[in-house]
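A.B. asks: To start, I am sharing the structure in question, which I have written as structure tokens.
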Amino acid sequence: MNKWLMIIDIEKCENCNNCFLACKDEHYQNDWKPYTLSQPLHGHRWMNILTREQGEFPYISVTYLPKPCFHCEDAACVRNTSKKEIYQRSDGIVVVDPEKARGKRNLVKACPQGAIWWNEENQTPQKCTLCAHLLDDGWKAPRCVQACPTGALTFKSLPEEELFSFIKANDLESFHKVMRGRSIVMYKNLSLYRKCFIAGSVATRKNGVEECVEGVTVELFKNGSLVDQKITDSFGEYRFSGLPEKRGKYQIRVIYQHKVTDEFDIELVESCFAKVSWI
Amino acid sequence: KDGVKKYTNNTNGGPVFVYVKEGRIIRITPIEFDDNDAPPWQINARGKTFTPPRRGTVNPYVLALKSLIYSPDRLLYPMKRIDFDPDGERNCQNRGISGYERISWDEALDIVSKEIQRMKRDYGPGSIMNGSGSHHTWGNLGYWLSTRNRFMNSIGYCPVVHNPDSWEGWYWGAMHHWGNSMRNGASDTYGTVEDCLKECEMIVFWSSDPESTSGVYGAFEGTVRRQWAKELGIEMVHIDPYYNHTAALLGGKWIAPRPDTGNAMSLAIAYVWITEDLYDKEYVALRTTGFEKWRDYILGLEDGIEKTPEWQEKETEVPAREIRALARKWGTRKTYLSPGGLAGFGGACRSATGIEWARSMVCLMAMQGLGKPGINMGGLQQGTPVDTHFFFPGYAEGGLSGDLDGTSLRVNLYQRMPQLPSMNTVAQMIPRLRIPEVFLNGSCEGYPTDPKTIEGQFKKFKYPAPGYSPVKMYYKYGGSHFGTMPESNRYVKAYQSDNLEFVVNQSIWFEGESKFADVILPACTNFERWDIGETANSGGYSHHQFTQWNHRIITMQHKCIEPLGESKSDYQIFLEIAKRLDLGAPFSEGSSELEWCRRLFNASDLPKVISWQQFMKKGYYVVPAPDESLRAPVSYRWFAEGRKKDLPELSPLPSDYTEKWKSGLQTQSGKLEFESSSLKRFAPDDPERPTISKYIPSWEGHGCKDLVEKYPLQMISPHPRYSFHTMFDAKDGFMNDVKDHRILKKGHYYWIVRINPLDAAARNIRQHDLVEIFNDRGSVICAAQLTHRLPPGVVHSCEGSARYEPVGEPGNSADKGGCINLLTPGKSIIKRSHSSAPNSCLVQIRLWKNEMSEGK
Ligand SMILES: Nc1nc2c(c(=O)[nH]1)N[C@H]1C(S)=C(S)[C@@H](COP(=O)(O)OP(=O)(O)OC[C@H]3O[C@@H](n4cnc5c(=O)[nH]c(N)nc54)[C@H](O)[C@@H]3O)O[C@H]1N2
Ligand SMILES: Nc1nc2c(c(=O)[nH]1)N[C@H]1C(S)=C(S)[C@@H](COP(=O)(O)OP(=O)(O)OC[C@H]3O[C@@H](n4cnc5c(=O)[nH]c(N)nc54)[C@H](O)[C@@H]3O)O[C@H]1N2
Ligand code: SF4
Ligand code: SF4
Ligand code: SF4
Ligand SMILES: [Ca+2]
Ligand SMILES: [Ca+2]
Ligand SMILES: [Mo+4]
């Protein structure tokens with residue numbers, strides 16, 4: 003049996019909202035029974051795009067995380083509902099049954115991810131269906147994936163036995179660590195969103211004129227051991243990224259022409275610009 | 070299948086499939102190709118092969134169209150202002166205040182046609198003014214340059230003439246150095262995608278965010294090409310006070326200058342090149358004139374000020390060392406310059422220093438050898454190797470307008486689609502930026518936007534024109550101006566003037582300005598009528614603009630559903646008024662809209678490759694990419710190599726060459742002129758526009774000490790990413806829910822102002838707080854978005870709100886709709902122009918507490 007796989011590449015997402023809007027276009031004023039009833043005009047975000055801005059002007063990074071229902075393997079929402087209002091199909095798609103779930107507002111809480119939304123108009127909990135009504139009709143991908151212009155969203159159908167090796171080979175991660183097993187929705191480059199950075203730059207004064215210094219080696223240490231090493235670019239800048247946040251003290255060492263020209267400690271709370279090292 | 074029909078249509082954000090069930094649109098999707106569609110081009114660069122995906126992309130607002138077509142803000146019935154009586158009290162002062170009542174089409178059309186007759190009878194020619202927005206629902210037939218022009222020419226009208234707002238600094242400035250009048254002073258970009266991918270080492274995006282603006286009409290076609298550039302390791306630099314979406318997606322160095330200081334930075338870059346010998350001396354000697362004069366100015370020989378990186382730091386606040394590093398990088402690498410989302414746009418060109426900025430963009434590239442391999446204009450947004458010879462008309466080719474003067478009909482289309490010519494006999498014109506002064510002052514003046522030749526912009530015109538009537542009636546098409554025109558409280562007030570006796574507004578939606586009409590005529594969208602068109606094919610002043618697209622996709626624009634309510638196509642509305650004036654036959658030539666589509670089809674190259682029946686059925690045609698040997702040459706390569714111009718365009722016109730046809734540029738010398746001979750002829754001593762590009766501090770910038778004390782924040786107002794000006798904003802559509810477009814607070818969707826957290830903290834402003842942005846010109850209430858994407862001292866709020874919601878008296882109170890242009894200056898960049906500088910705007914911001922208190 004084939005399984006679906008939606009891949010979300012954080013590096014390629016630019017918050018264009020095509021996915022979010024295509025989802026609305028597909029579901030607003032369209033009842034796709036028995037998959038779901040229509041989505042209300044406002045409020046629901048079946049594809050919820052989160053934004054993370056890090057750093058301080060002008061050393062920043064901005065990343066986006068499109069977040070639909072993950073269609074979790076062994077989904078919490080299915081486990082949390084005893085009466086089959088939410089069920090998982092054999093291809094992995096998790097569906098909220100619009101009839102059985104009608105009137106049951108507390109089902110919104112069945113998902114620890116906040117992926118279920120309450121529809122006031124027709125009194126049902128609703129969420130992303132992975133566009134199952136289209137997939138069952140022969141479509142190759144859901145609406146959000148079709149509308150994504152950057153390749154941030156891609157979609158696959160893979161034999162179950164190949165799934166695991168594919169996920170490994172492509173370095174895909176699921177969103178939530180405590181979530182058991184895999185989900186149909188997997189992320190690439192998730193660390194860009196989750197991890198943080200320390201940036202800095204190196205400059206000098208020559209004949210009374212300030213210059214950026216390119217090609218300087220900058221080393222990052224934690225508890226005395228080398229974590230990473232960067233070479234400054236033509237603007238004299240370096241950036242250590244992929245660091246876990248709120249995690250302790252680092253030391254930075256700036257080495258120019260084999261000499262240590264600056265050395266300092268930095269406590270990392272969130273992404274930051276360390277300093278300009280004048281050498 | 071299941072009673073679902075699949076149609077095609079088109080938009081300015083991409084062609085679409087439209088799924089219709091039981092007379093209702095159920096979904097709108099991008100077009101994906103089938104196996105019969107032509108294969109795409111390939112580019113081999115640095116050992117890799119690149120080919121675009123077999124589909125068309127769409128802009129976000131295209132995916133919101135269903136909600137806009139069925140929007141509650143649709144005008145579904147003709148309406149009349151309740152206290153407007155054409156035979157009695159008109160109550161002009163109540164425009165924008167009193168409500169409307171539904172009337173029948175007959176009544177509405179009778180009022181309008183009688184008013185047209187009364188104007189001509191009582192006042193004479195010139196008394197009827199008509200203007201539209203710059204853009205339109207897609208299609209060559211319905212476009213305002215087509216149907217509207219034919220009708221207005223038929224009745225004789227005083228046209229509102231547009232300033233070149235997309236190009237400003239390019240038109241009034243850059244053109245004087247390199248010509249390119251046909252493109253309003255912007256660059257041509259043939260062959261640049263291939264050249265850039267093969268040769269270029271760095272791209273400088275300067276005031277350029279194609280990931281938000283799509284060039285214009287380019288959807289996300291350029292995105293994949295920029296991703297290839299990233300893959301190839303081409304370095305990128307982004308010069309923009311806002312950390313824009315192109316920078317965020319592609320990475321590279323972000324340089325954030327203070328707005329409106331661009332030319333200080335450019336001069337400092339040139340300073341480094343001159344003093345460190347980093348420019349192409351041979352090219353400068355062979356291909357340019359006047360360099361010495363510019364060089365001496367930069368070195369301080371003229372005014373005693375050396376334009377060093379340190380000097381620019383005081384203006385731009387960008388560290389001198391970074392500019393030095395940038396200049397060295399640029400001077401030693403083959404570099405593409407992308408000024409604006411399209412090469413020849415950019416928010417920086419719409420500011421008080423915009424003319425000087427655009428001029429220096431050209432001069433910088435002249436110093437680096439514009440046209441040599443890997444050295445050119447563009448950010449991979451234009452210049453794909455598609456077929457430029459296959460003819461299909463663009464909208465500026467005027468469709469059925471018959472208008473040989475006001476469109477480029479005569480260039481390509483008239484010969485192929487004979488039609489009754491139409492001609493406006495009224496010679497009086499109104500500069501669009503001065504519409505309010507027509508009613509508030511009774512006089513105004515402007516300079517023309519005339520792309521024929523460099524000198525086209527010099528001929529000042531005045532209102533009233535000799536022997537013509539003052540304007541008494543305004544036939545307004547669309548309702549965008551409060552959101553898009555500078556200092557727009559002026560426009561609000563003009564509507565309430567008694568000098569304006571009658572206003573009719575023909576619109577699809579109830580946008581800001583439509584609520585100030587006496588009679589409203591409801592038009593329908595292009596999904597409710599027939600049309601035919603190709604995305605991004607503008608023709609005219611944006612010749613071959615479809616080279617932004619990876620595939621040329623020409624669509625039949627099916628009438629997918631019946632017009633909603635009692636709305637009608639613009640063509641039908643005009644036809645019915647024309648009939649009342651016995652003009653039915655000359656207006657329509659007896660052709661229905663579908664018949665006009667077929668005439669346009671027959672005029673194009675389509676019949677050579679597909680039958681009308683097949684085209685109607687399939688709905689689109691993908692023009693095959695030409696053989697590699699037939700691709701357009703690279704722009705300016707001919708010039709760099711001293712050959713004759715070899716590009717697929719008839720520009721400049723033959724008479725504009727100085728020596729021999731196709732030899733040299735349009736300038737008097739035929740060379741790239743650092744010192745402009747056209748400006749030397751026209752106004753050599755104009756301090757606002759010297760003959761060489763200089764640093765002239767902004768008339769509303771950080772240096773205006775008194776003003777800065779009151780209004781310390783510089784506001785930039787770029788184009789809205791999630792709407793196309795006013796067209797896709799608000800209207801209770803999906804866009805209201807896009808977090809980066811509007812913010813829901815207390816049941817109201819507020820426009821967004823972006824502000825650095827330091828400036829916010831100093832004003833006690835927290836994320837999404839409601840704030841008042843104000844200056845002497847007006848006051849707008851927005852929701853604050855705190856962000857480090859801007860330097861302290863700079864705020865960012867897009868133009869283009871479709872809503873105007875004054876909390877008190879219209880024109881004199883704060884607006885909670887989000888018309889940021891209430892705040893921008895109405896003055897022209899320089900006196901000898903008809904131009905706008907919305908990005909030169911000082912404001913103050915404070916928390917908005919009392920919903921009912923009056924603003925400024
Ligand atoms: N602050 C600031 N202001 C700016 C700019 C800026 O950078 N900053 N940029 C400037 C630029 S470059 C431009 S181009 C202008 C654009 O400003 P405008 O020209 O005012 O805006 P458009 O979107 O072209 O307006 C089109 C209008 O036509 C209506 N319309 C569309 N299709 C149809 C149709 O089929 N039938 C009818 N009857 N009506 C229709 C729309 O609803 C809309 O009201 O804004 C300028 N304003
Ligand atoms: N989604 C969408 N796309 C559009 C449009 C739209 O309304 N919506 N409008 C279309 C039209 S008509 C046009 S003319 C084009 C406009 O295309 P552009 O003129 O290229 O677009 P803008 O958004 O005005 O400006 C681009 C960038 O310039 C920056 N900028 C502003 N002031 C300065 C400055 O002083 N210096 C520097 N270095 N940068 C500055 C802004 O932050 C912005 O990121 O877009 C077209 N595309
Ligand atoms: S994300 Fe939530 S709703 Fe979706 S499958 Fe997992 S637990 Fe269920
Ligand atoms: S898969 Fe379908 S339902 Fe789910 S977010 Fe995408 S478009 Fe919406
Ligand atoms: S459509 Fe793609 S790029 Fe755009 S917001 Fe969604 S995932 Fe990101
Ligand atoms: Ca007459
Ligand atoms: Ca000439
Ligand atoms: Mo424009």
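Residue numbers (the working numbering), protein chains in the order written: chain B, 3 to 281; chain Z, 70 to 925.
Backbone N, C-alpha and C fix where the C-beta goes; we use that ideal spot for every residue, glycine too.
If you're wondering where the values come from, they're calculated on a predicted model, not measured in any experiment.
Take D267/B as the anchor and find which of S279/B, W34/B, E123/B has the nearest alpha-carbon.
C.D. replies: Nearest option by C-alpha distance: S279/B.
A.B. asks: Under the criterion of a Cβ to heavy atom distance below 7 Å, does S196/Z qualify as lining ligand 8?
C.D. replies: No.
A.B. asks: Only counting the same chain, and skipping five residues up and downstream in sequence, which positions put a Cβ closer than 6 Å to that of E247/B?
C.D. replies: Cβ neighbours of E247/B beyond the five flanking positions: C198, E272.
A.B. asks: List the DSSP bridge partners of I50/B.
C.D. replies: As written in the sequence, residue 50/B is Asn, which differs from the Ile given in the question. For N50/B, which the question treats as bridged, DSSP gives the partners K69/B.
A.B. asks: Do the CB positions of A149/B and V127/Z come within less than 8 Å of each other?
C.D. replies: In this structure, V127/Z lies closer than 8 Å to A149/B by Cβ.
A.B. asks: Looking at the C-beta of S273/B, does it have a partner C-beta in chain Z at a distance below 8 Å?
C.D. replies: For S273/B, the answer is no, since every Cβ of chain Z falls outside 8 Å of its Cβ.
A.B. asks: Using 8 Å as the threshold, is the region 101-116 of chain B in touch with the region 52-65 of chain B, meaning 3 or more CB pairs across them?
C.D. replies: Too few Cβ pairs lie closer than 8 Å, so no.
A.B. asks: Between I324/Z and Y66/B, what straight-line distance do the alpha-carbon atoms span, to the nearest angstrom?
C.D. replies: Rounded to the nearest angstrom, the two C-alpha atoms are 22 Å apart.
A.B. asks: Our contact map puts N558/Z next to G880/Z with C-beta atoms below 8 Å; I'd like the distance itself, whole angstroms only.
C.D. replies: Indeed, because the Cβ distance is near 5 Å, the residues count as touching under 8 Å.
A.B. asks: Alpha carbon to alpha carbon, how far is L644/Z from S657/Z?
C.D. replies: One C-alpha to the other measures close to 7 Å.
A.B. asks: Output needed for E175/B: all residues of its chain with C-beta closer than 7 Å, excluding positions within five of it in sequence on either side, in chain order.
C.D. replies: These residues qualify, in order along the chain: M188, Y189, L192.
A.B. asks: Would you say P789/Z reaches chain B, if we count a Cβ-Cβ gap shorter than 8 Å as a contact?
C.D. replies: By this cut-off, P789/Z is not an interface position.
A.B. asks: For N445/Z and S866/Z, what's the separation of their Cα atoms in angstroms?
C.D. replies: Distance between the alpha carbons of N445/Z and S866/Z is about 31 Å.
A.B. asks: Identify each residue in the region 42-54 of chain B for which the Cβ-Cβ distance to at least one residue of chain Z is less than 8 Å, and report them in chain order.
C.D. replies: Per Cβ criterion, the list reads L43, H44, G45, R47, I51, T53.
A.B. asks: What do you reckon, is the C-beta of S407/Z under 7 Å from a heavy atom of ligand 2?
C.D. replies: Checking the Cβ of S407/Z against ligand 2 gives no.
A.B. asks: Kindly indicate if chain Z contains any beta-carbon less than 8 Å away from that of R28/B.
C.D. replies: A small correction: the amino acid at residue 28/B is Glu; Arg does not occupy that position in the sequence shown. Answer yes: the Cβ-Cβ gap between E28/B and chain Z drops below 8 Å somewhere.
A.B. asks: With distances taken Cα to Cα, identify the nearest neighbour of L144/Z among T594/Z, L509/Z, R790/Z, S738/Z.
C.D. replies: Of the listed residues, the one whose Cα sits closest to L144/Z is T594/Z.
A.B. asks: Which ranges would you report for the alpha helix (DSSP H) in the region 170-214 of chain B if only whole runs of at least 4 residues count?
C.D. replies: Here the runs fully enclosed are 193-196.
A.B. asks: Can you tell me whether S281/Z sits near ligand 2, meaning its C-beta is under 7 Å from at least one heavy atom of the ligand?
C.D. replies: Answer for S281/Z: yes, Cβ within range of ligand 2.
A.B. asks: Tell me which residues share the same chain as Y690/Z and place their Cβ nearer than 6 Å to its Cβ, disregarding the 5 neighbours each side in the sequence.
C.D. replies: Counting only Cβ-Cβ distances below 6 Å, and skipping sequence neighbours, we find I623, I679.
A.B. asks: Hey, is the region 161-168 of chain Z in contact with the region 195-211 of chain Z, meaning 3+ C-beta pairs nearer than 8 Å?
C.D. replies: Flag = no, the region 161-168 of chain Z and the region 195-211 of chain Z do not touch.
A.B. asks: Measure from the C-beta of L194/B to each C-beta in chain Z and report whether the shortest distance is under 8 Å.
C.D. replies: So no, L194/B is outside the interface.
A.B. asks: According to a CB-to-CB cut-off of less than 7 Å, which residues of the region 90-106 of chain Z neighbour chain B?
C.D. replies: The residues in question are I95, R96, I97, T98, P99.
A.B. asks: At a threshold of 7 Å, does F551/Z count as lining ligand 2 (C-beta to nearest heavy atom)?
C.D. replies: Flag unset: Cβ of F551/Z not near ligand 2.
A.B. asks: Interface residues of chain B around F803/Z at Cβ under 7 Å?
C.D. replies: The answer, in chain order, is L23, K26.
A.B. asks: Between W323/Z and chain B, is there a C-beta pair that is closer than 8 Å?
C.D. replies: Taking Cβ atoms only, chain B reaches closer than 8 Å to W323/Z, which makes this a yes.
A.B. asks: Between Q128/B and M8/B, what straight-line distance do the alpha-carbon atoms span, to the nearest angstrom?
C.D. replies: Going by the C-alpha atoms only, they are around 20 Å apart.
A.B. asks: Can you tell me which of D173/B, E216/B, D230/B puts its alpha carbon nearest to the alpha carbon of E239/B?
C.D. replies: Measuring from the Cα of E239/B, the nearest candidate turns out to be E216/B.
A.B. asks: From the DSSP output, which residues share a beta bridge with E391/Z?
C.D. replies: Answer is none; E391/Z lacks a bridge partner.
A.B. asks: Put L228/B into one of helix, strand or coil per three-state DSSP.
C.D. replies: Three-state DSSP puts L228/B in a strand.
A.B. asks: Please list the segments of the alpha helix (DSSP H) lying wholly inside the region 719-775 of chain Z, counting only runs of 4 or more residues, in order along the chain.
C.D. replies: Segments of the alpha helix (DSSP H) lying fully in the region 719-775 of chain Z: 746-751.
A.B. asks: Along the alpha helix (DSSP H) that carries P378/Z, what are the first and last residues, could you check?
C.D. replies: Where P378/Z is concerned, the enclosing alpha helix (DSSP H) stretches over 378-385.
A.B. asks: Using the rule of at least 16 other Cβ atoms within 10 Å of the residue's Cβ for burial, across every protein chain shown, is W599/Z buried or exposed?
C.D. replies: W599/Z is buried by the Cβ-count criterion.
A.B. asks: Would a check of beta-carbon distances place A421/Z closer than 8 Å to chain B?
C.D. replies: Chain B, which has no Cβ nearer than 8 Å to the Cβ of A421/Z, makes this no.
A.B. asks: Which residues in the same chain have their Cβ closer than 7 Å to the Cβ of D801/Z, if we skip the five residues on either side of it in sequence?
C.D. replies: Cβ neighbours of D801/Z beyond the five flanking positions: S140, P141, D142.
A.B. asks: Below 9 Å on C-beta distance, what does P860/Z contact in chain B?
C.D. replies: Simply F59, P60.
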